[in-house]
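Q: Top to bottom, those sequences are chains S and P.
Going by UniProt numbering, the first sequence opens with residue 1, and the numbers climb by one from there.
Going by UniProt numbering, the second sequence opens with residue 1, and the numbers climb by one from there.
Dropping the structure in here first, questions after.
Number of protein chains: 2
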Amino acid sequence: MMDIPLNIWTMFAAAQRHYFDVEIVTSFPDDSRHRYPYGQFAARAQQLMHALDSLGLADDAVVGSLAWNGFRHLEAYFGVPGSGRVLHTLNLRLSPTELATVIDHGGDVAILVDPDLVPLLEQARALGGLRDVTHVIVLDDHTPEANLPGLVAYEPLIAGQVTSYPRTPWAESRPLGICHTSGTTGRPKGVVYTHRSTVLHALGVASGAGFALGPSDCVLPIVPMFHGNAWGVPYAATMVGAKQVFAAGPFTAQRVISLLRDEQVTVAAGVPTIWIDVAGQLHGPRPLPDLRHIVSGGAQPPSSLIARYRKDFGIPILQAWGMTETSPLASVAWPKHHLRGLPDEEFIEQAASQAGLPVPTVDLSIRDGDGAEVVWDGEQLGDLYVRGPWVADSYLHGDGVEQFTGGWFRTGDVAVGSPGGYFRIADRTKDLIKSGGEWISSVDMEAALMAHPDVVEAAVIAIPDPKWLERPLACVVPGENAVPTLDQLHEHLTAHGFARWQLPDRVEFLDQIPRTSVGKFDKKALRARFPA
Amino acid sequence: MMDIPLNIWTMFAAAQRHYFDVEIVTSFPDDSRHRYPYGQFAARAQQLMHALDSLGLADDAVVGSLAWNGFRHLEAYFGVPGSGRVLHTLNLRLSPTELATVIDHGGDVAILVDPDLVPLLEQARALGGLRDVTHVIVLDDHTPEANLPGLVAYEPLIAGQVTSYPRTPWAESRPLGICHTSGTTGRPKGVVYTHRSTVLHALGVASGAGFALGPSDCVLPIVPMFHGNAWGVPYAATMVGAKQVFAAGPFTAQRVISLLRDEQVTVAAGVPTIWIDVAGQLHGPRPLPDLRHIVSGGAQPPSSLIARYRKDFGIPILQAWGMTETSPLASVAWPKHHLRGLPDEEFIEQAASQAGLPVPTVDLSIRDGDGAEVVWDGEQLGDLYVRGPWVADSYLHGDGVEQFTGGWFRTGDVAVGSPGGYFRIADRTKDLIKSGGEWISSVDMEAALMAHPDVVEAAVIAIPDPKWLERPLACVVPGENAVPTLDQLHEHLTAHGFARWQLPDRVEFLDQIPRTSVGKFDKKALRARFPA
């Protein structure tokens with residue numbers, strides 16, 4: 001068989017030859033839209049390759065991107081690694097201090113930045129960061145006033161360049177990208193993606209056990225390109241020639257719905273809170289007839305949400321799981337063939353409780369404290385380990401070596417294997433509540449609480465307790481109509497199978513649950529706010 | 001990223017861990033069915049690995065399989081390469097002489113054989129073949145009387161073995177399988193698949209740009225496991241945990257329909273003639289509500305067939321193309337997103353004339369006699385070249401080196417690229433008709449003829465002509481109701497855009513078109529029958 005290296009070009013070549021007439025749409029906060037075909041995208045990405053050469057950057061230079069979702073960011077996804085360089089996606093929700101740390105930790109020598117994020121980059125530099133950065137490329141027609149090195153505007157920079165670039169046979173093991181973890185559990189750590197891992201991951205995402213993407217699809221990733229490669233969607237979608245829709249900047253449920261409808265989106269991906277917001281503004285039995293399925297990840301979607309979409313809108317919600325360290329997609333909870341026909345209630349219970357089947361080539365292992373595999377009985381909790389060709393074997397600069405052991409990555413998640421062969425994340429190891437020697441899963445309790453009609457969002461944390469060591473505290477965002485009492489919540493949790501000793505002793509009502517830079521519930525912040 | 005070799009185990013591990021409860025169904029000619037779950041399949045495949053060890057076969061031995069589609073053949077697909085050995089699928093439609101040649105050319109030392117095919121194997125041996133074969137394993141409970149070396153029955157052989165086998169990290173470049181070409185263009189040549197090529201091909205088949213297979217699917221490959229790996233379906237389906245249905249032995253349209261219906265098949269694959277037969281026995285607007293799409297390959301499906309399934313049954317037919325040398329899947333003609341909504345007639349014309357978009361990581365090139373890329377204008381014919389990580393870079397024992405050039409495989413097909421980025425096979429190089437210095441595509445004319453209401457099947461060959469060098473001869477199987485006249489066919493072809501000089505001077509009516517061992521029109525036989 002031919003020795004063809006799996007590199008960025010194997011995902012890019014068809015864009016120009018076969019998919020040149022397929023659209024890429026970028027929606028802006030004012031709901032205006034930029035649209036162009038793959039042919040133009042491919043030409044501009046190759047102009048970017050030449051432009052990076054023209055700046056004199058080493059061919060293995062790390063190039064940061066501080067940008068919203070959009071067509072220029074997509075050009076960088078291919079243009080930076082196409083020329084051999086490494087794309088370091090930067091989380092635009094970091095503080096200037098964190099951003100400076102991450103940029104210098106990655107070794108960035110150039111940064112592509114959206115115009116509205118230039119001030120953030122300036123602040124990071126003013127704090128002593130960007131020490132290796134020689135070029136800042138503003139993703140616009142012109143440069144703003146800014147105290148940044150080598151400031152140049154993207155459009156004039158690429159405008160004069162040749163629109164084709166030699167297809168270089170980059171080695172599979174060559175670094176292609178870097179992403180830092182969101183650092184909910186400590187200092188951000190860098191994960192280095194290779195050409196090989198990115199191609200294999202894209203094949204996994206495009207597979208029917210992933211997001212099932214093909215040329216007939218139009219995909220809207222409502223997840224940031226600045227973190228976890230937007231779940232790999234931009235690479236997978238480009239590889240198969242799917243129409244792509246990006247929502248730049250902050251967005252509203254209404255903008256998401258407009259895009260889903262106008263662009264005839266067939267597959268969308270995002271965190272559960274998006275789908276809760278969207279559901280609030282959908283009406284009628286088949287409000288989005290083109291949408292084949294929604295992929296929901298980042299947190300466990302409440303069963304009420306899965307039920308709403310299935311029964312009211314006829315749209316399946318598929319639960320996905322992954323981490324920065326797993327590229328990120330590791331599992332998707334497709335119903336097996338024989339489960340498709342279950343009655344609604346059973347199907348929904350199954351979908352809500354069985355969170356994942358591994359994407360092909362990924363292996364999972366759930367282990368007890370002694371490292372032995374736990375029984376997959378739907379009860380026993382264990383530490384989740386993962387292994388696969390797109391799973392990290394180390395962090396940048398040798399950080400966190402303790403998480404890699406015996407060829408496996410220890411995720412820091414606590415999981416349960418079901419008798420049906422699915423697994424489910426019970427908690428982050430550090431979010432488990434240890435009460436009287438027994439464990440309580442905060443994730444399970446949150447899911448149950450969010451199924452209550454008067455609860456919009458819920459996060460459960462541990463607070464210290466002299467007798468039981470730890471006890472659960474429920475932080476709840478009530479609905480508009482009524483605020484549930486603690487007794488009502490107890491009754492509700494009991495009906496959902498929680499034992500008396502597991503029930504939270506206290507509930508705190510909040511306007512919103514604080515979130516991390518990638519939109520997850522920020523339990524670190526909640527613990528700081530409710531120390532006892 | 002972890003250095004996990006892409007080998008058979010990366011497609012097999014989840015069968016036991018996650019998909020143990022998914023069914024594998026084998027239908028026999030009497031319409032009885034064998035069914036068992038993946039868990040049992042995985043245990044038995046590992047017993048087979050131990051059994052092959054127990055016979056003392058070298059760990060890189062070539063093991064032939066002469067078998068119909070079915071669960072034991074599937075066990076061999078994993079059990080033979082799982083233990084490091086090489087599975088050589090043998091075409092059961094070969095003559096004893098051809099079979100003997102192919103077995104010895106592959107270097108087979110053991111052969112797995114279905115009971116009803118034992119006599120064929122005996123004949124091949126009686127002709128002096130099987131010279132390296134030391135073991136013949138009959139896929140049954142017991143052995144028949146037969147003059148074959150090391151005769152042993154499969155069931156008792158594996159029965160006592162351990163049901164788990166160590167996951168060996170076989171290298172990616174290790175041979176996994178061998179398949180011989182069907183030899184329509186000369187002596188059969190051997191193609192060697194590696195562990196890497198097979199895993200990547202399975203990911204391509206499972207992708208949304210391939211057959212789009214996932215855990216929710218039930219797949220029925222009506223293509224032989226003895227040739228072209230049943231289009232890679234058994235590997236891809238096992239990898240993603242899809243329910244699998246196999247039809248052993250010869251089958252009828254009625255048996256296919258029963259399987260599609262009873263087993264709730266979602267994806268089926270087969271040659272166009274199967275779908276013509278099946279269409280004849282389907283009734284009602286949605287006769288197969290579970291069937292998401294049909295993949296049709298091996299020959300161009302007539303537009304009338306695509307229209308029938310789309311308009312009458314609501315089932316999309318997707319055209320696929322590939323060769324033994326391309327593992328075999330190289331392209332599938334998914335409609336791009338913006339083409340989905342075309343009116344029926346336009347859609348069908350598009351689907352019938354635009355035969356393919358390459359599966360991810362595969363590259364195509366259409367070249368003129370000087371090796372320059374032809375213009376993709378829907379008109380210009382050229383030689384089709386293909387390249388990719390699951391495309392052969394050589395034949396076994398160094399045969400046919402002239403087909404590999406500059407990192408590409410020259411397919412021997414003549415193709416046309418369309419302005420829309422699709423390509424279409426116009427003909428086999430040797431089936432093109434050169435009349436008066438101009439080329440006539442036999443494939444195009446066949447497709448047009450088969451669109452005539454009174455034509456069931458049509459094959460067009462060249463016959464020598466003193467003036468024009470070659471002229472087309474139409475071989476036609478007429479419908480039951482009427483036999484069309486030559487004039488009527490001329491009128492019909494003219495309406496389909498054929499020029500006067502292209503029209504066949506003669507038509508021969510046949511009861512059936514002769515077929516090759518893999519079910520394609522056997523033009524070699526037609527040319528022998530109609531030399532002038």
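Glycine included, every Cβ here is placed at the ideal spot set by N, Cα and C.
Please return the same chain residues whose Cβ sits closer than 6 Å to the Cβ of Gly-436 of chain P, not counting the five positions on each side in sequence.
A: In the second sequence, residue 436 of chain P corresponds to position 436, counting from 1. Answer for Gly-436 of chain P: Trp-468, listed in chain order.
Q: What runs of the alpha helix (DSSP H), each 4 residues or longer, lie entirely inside the region 143-167 of chain S?
A: With a minimum length of 4 residues, the continuous alpha helix (DSSP H) runs that stay inside the region 143-167 of chain S are 154-159.
Q: For Gly-128 of chain P, count the other beta carbons within 10 Å of its own beta carbon; 16 or more makes it buried, fewer makes it exposed. Which is it?
A: The residue given as residue 128 of chain P occupies position 128 in the second sequence. So Gly-128 of chain P counts as exposed.
Q: Taking the CB atoms as reference points, tell me whether Leu-291 of chain S and Thr-266 of chain S lie closer together than 8 Å.
A: In the first sequence, the residue the question calls residue 291 of chain S occupies position 291. In the first sequence, the residue the question calls residue 266 of chain S occupies position 266. Cβ distance < 8 Å, so Leu-291 of chain S and Thr-266 of chain S count as in contact.
Q: Just tell me which of S:Gly-82, S:Thr-273 and S:Val-152 has its CA closest to the CA of Val-518 of chain S.
A: Here the question's residue 518 of chain S lines up with position 518 in the first sequence. When each option's Cα is compared against that of Val-518 of chain S, the closest is S:Thr-273.
Q: Please name the residues in the region 222-249 of chain P whose beta-carbon is closer than 8 Å to at least one beta-carbon of chain S, in chain order.
A: Correct list: Met-239, Val-240, Gly-241, Ala-242 and Lys-243.
Q: Met-11 of chain P CB to nearest chain S CB: under 8 Å?
A: Indexing the second sequence from 1 puts residue 11 of chain P at position 11. Judged by the 8 Å Cβ criterion, Met-11 of chain P is in contact with chain S.
Q: To the nearest angstrom, how far is the alpha carbon of Asn-69 of chain S from that of Gly-280 of chain P?
A: The residue labelled residue 69 of chain S in the question sits at position 69 within the first sequence. The residue labelled residue 280 of chain P in the question sits at position 280 within the second sequence. Each residue's alpha carbon lies about 50 Å from the other.
Q: Cβ atoms of Val-133 of chain P and Asp-108 of chain P: under 8 Å apart, would you say?
A: Residue mapping note: residue 108 of chain P aligns to position 108 of the second sequence, counting from 1. Residue mapping note: residue 133 of chain P aligns to position 133 of the second sequence, counting from 1. The answer is yes: Cβ separation under 8 Å.
Q: Give a yes or no on whether 8 Å exceeds the smallest Cβ distance from Ala-499 of chain S to chain P.
A: Within the first sequence, the letter at position 499 stands for residue 499 of chain S. No, no contact with chain P.
Q: In chain P, what lies closer than 9 Å to Thr-194 of chain S by C-beta?
A: Mapped onto the first sequence, residue 194 of chain S falls at position 194. Within chain P, the residues near Thr-194 of chain S are Met-1.
Q: With contact counted as at least three CB pairs below 8 Å, one residue from each stretch, are the region 233-240 of chain P and the region 185-204 of chain P in contact?
A: The answer is yes - the region 185-204 of chain P touches the region 233-240 of chain P, with three or more Cβ pairs under 8 Å.
Q: Kindly list the residues whose CB is nearer than 8 Å to the CB of Asp-511 of chain S, restricted to its own chain and excluding five residues on each side of it in sequence; keep chain order.
A: By one-based count along the first sequence, residue 511 of chain S stands at place 511. So the list reads Val-477, once near-sequence residues are dropped.
Q: Cα separation between His-338 of chain P and Ser-207 of chain S?
A: If you number the second sequence from 1, residue 338 of chain P lands on position 338. If you number the first sequence from 1, residue 207 of chain S lands on position 207. Computed Cα separation, rounded: 21 Å.
Q: In angstroms with no decimal places, state the Cα-to-Cα distance between Ala-236 of chain S and Gln-123 of chain P.
A: For the purposes of this step, residue 236 of chain S is identified with residue 236 of the first sequence, where counting begins at 1. For the purposes of this step, residue 123 of chain P is identified with residue 123 of the second sequence, where counting begins at 1. When rounded, the distance between both Cα atoms is 51 Å.
Q: Under DSSP, the beta strand (DSSP E) around Thr-26 of chain P begins and ends at which residues?
A: As a position in the second sequence, residue 26 of chain P is number 26, starting the count at 1. Counting along the chain, the beta strand (DSSP E) containing Thr-26 of chain P begins and ends at 23-27.
Q: Which ranges would you report for the beta strand (DSSP E) in the region 374-414 of chain P if only whole runs of at least 3 residues count?
A: Entirely contained in the region 374-414 of chain P, the beta strand (DSSP E) runs reaching 3 residues are, in chain order, 381-387.
Q: Compare the C-beta of Tyr-77 of chain P with all C-beta atoms of chain S and state if any pair is closer than 8 Å.
A: Here residue 77 of chain P is taken as the residue at index 77 of the second sequence, counted from 1. So no, Tyr-77 of chain P is outside the interface.
Q: Report the residue from S:Ser-353, S:Ser-441 and S:Ser-258 whose alpha carbon sits nearest the alpha carbon of Leu-499 of chain S.
A: If you number the first sequence from 1, residue 499 of chain S lands on position 499. First, the residue type needs correcting, since residue 499 of chain S is Ala and not Leu in the sequence shown. Ranking the options by Cα distance to Ala-499 of chain S, first place goes to S:Ser-441.
Q: With H, G and I counted as helix, E and B as strand and the rest as coil, what does DSSP make of Ile-257 of chain P?
A: Stepping through the second sequence from its first residue, residue 257 of chain P is reached at position 257. Reduced to three states, the DSSP call for Ile-257 of chain P is helix.
Q: Along the alpha helix (DSSP H) that carries Gln-281 of chain S, what are the first and last residues, could you check?
A: Within the first sequence, the letter at position 281 stands for residue 281 of chain S. It is not in any alpha helix (DSSP H) - Gln-281 of chain S carries neither H nor E in the DSSP assignment.
Q: Run down chain A in chain order and give the residues with a C-beta less than 8 Å from the C-beta of Cys-218 of chain P.
A: No chain A appears in the structure shown, which is made up of the protein chains S and P.
Q: With DSSP collapsed to three states, give me the class of residue 581 of chain P.
A: In this structure chain P extends from 1 to 532, so residue 581 of chain P is not present and cannot be described.
Q: Residues of chain S with a CB under 8 Å from the CB of His-18 of chain P: which are they?
A: By 1-based counting over the second sequence, the position of residue 18 of chain P is 18. Per Cβ cutoff of 8 Å: Leu-357, Pro-358, Gly-421 and Tyr-422.
Q: Could you tell me which whole alpha helix (DSSP H) segments of length 4 or greater appear in the region 51-122 of chain P?
A: Counting whole runs of 4 or more residues, the region 51-122 of chain P contains the alpha helix (DSSP H) stretches 71-82 and 96-106.
Q: Only counting the same chain, and skipping five residues up and downstream in sequence, which positions put a Cβ closer than 8 Å to that of His-496 of chain S?
A: By one-based count along the first sequence, residue 496 of chain S stands at place 496. Cβ neighbours of His-496 of chain S beyond the five flanking positions: Ala-448 and Ala-451.
Q: Between Ile-306 of chain P and chain S, is any beta-carbon pair separated by less than 8 Å?
A: Translated into positions along the second sequence, residue 306 of chain P becomes position 306. For Ile-306 of chain P, the answer is no, since every Cβ of chain S falls outside 8 Å of its Cβ.
Q: Is the CB of Pro-302 of chain P under 8 Å away from at least one CB in chain S?
A: Counted from its first residue, the second sequence places residue 302 of chain P at position 302. For Pro-302 of chain P, the answer is no, since every Cβ of chain S falls outside 8 Å of its Cβ.
Q: What are the residues of the region 22-34 of chain S that lie near chain P, defined by any Cβ-Cβ distance shorter than 8 Å?
A: Within the region 22-34 of chain S, the residues whose Cβ lies closer than 8 Å to some Cβ of chain P are Val-22 and Glu-23, listed in chain order.
Q: From the DSSP output, in three-state form, read off Phe-246 of chain S for me.
A: As a position in the first sequence, residue 246 of chain S is number 246, starting the count at 1. Correct three-state label for Phe-246 of chain S: strand.
Q: Taking 8 Å as the cut-off, decide whether the C-beta atoms of Val-416 of chain P and Gly-371 of chain P are in contact.
A: Along the second sequence, read from residue 1 onward, the residue named residue 416 of chain P stands at position 416. Along the second sequence, read from residue 1 onward, the residue named residue 371 of chain P stands at position 371. No, the pair does not count as a contact, with Cβ atoms beyond the cut-off.
Q: Compare the C-beta of Leu-117 of chain P against all C-beta atoms of chain S and say whether one is closer than 8 Å.
A: Working through the second sequence from its first residue, we reach residue 117 of chain P at position 117. No, Leu-117 of chain P lies away from the interface with chain S (no Cβ there is under 8 Å from its Cβ).
Q: I believe Met-1 of chain P touches Thr-89 of chain P by the beta-carbon criterion, under 8 Å. Please report the beta-carbon distance rounded to the nearest angstrom.
A: Counting from one through the second sequence, the residue named residue 1 of chain P turns up at place 1. Counting from one through the second sequence, the residue named residue 89 of chain P turns up at place 89. At roughly 33 Å, the Cβ-Cβ gap does not stay under 8 Å, so Met-1 of chain P and Thr-89 of chain P are not in contact.
Q: Measuring only between beta-carbons, confirm whether Pro-215 of chain P sits less than 8 Å from chain S.
A: As a working mapping, residue 215 of chain P is identified with position 215 in the second sequence. Yes, Pro-215 of chain P counts as interfacial toward chain S.
Q: Below 7 Å on C-beta distance, what does residue 587 of chain S contact in chain P?
A: Residue 587 of chain S is absent from the structure shown; chain S starts at 1 and stops at 532.
Q: Could one say the Cβ of Ile-4 of chain P lies closer than 8 Å to chain S's Cβ atoms, at least one of them?
A: Sequence index remark: in the second sequence, residue 4 of chain P carries index 4 (1-based). By this cut-off, Ile-4 of chain P is an interface position.
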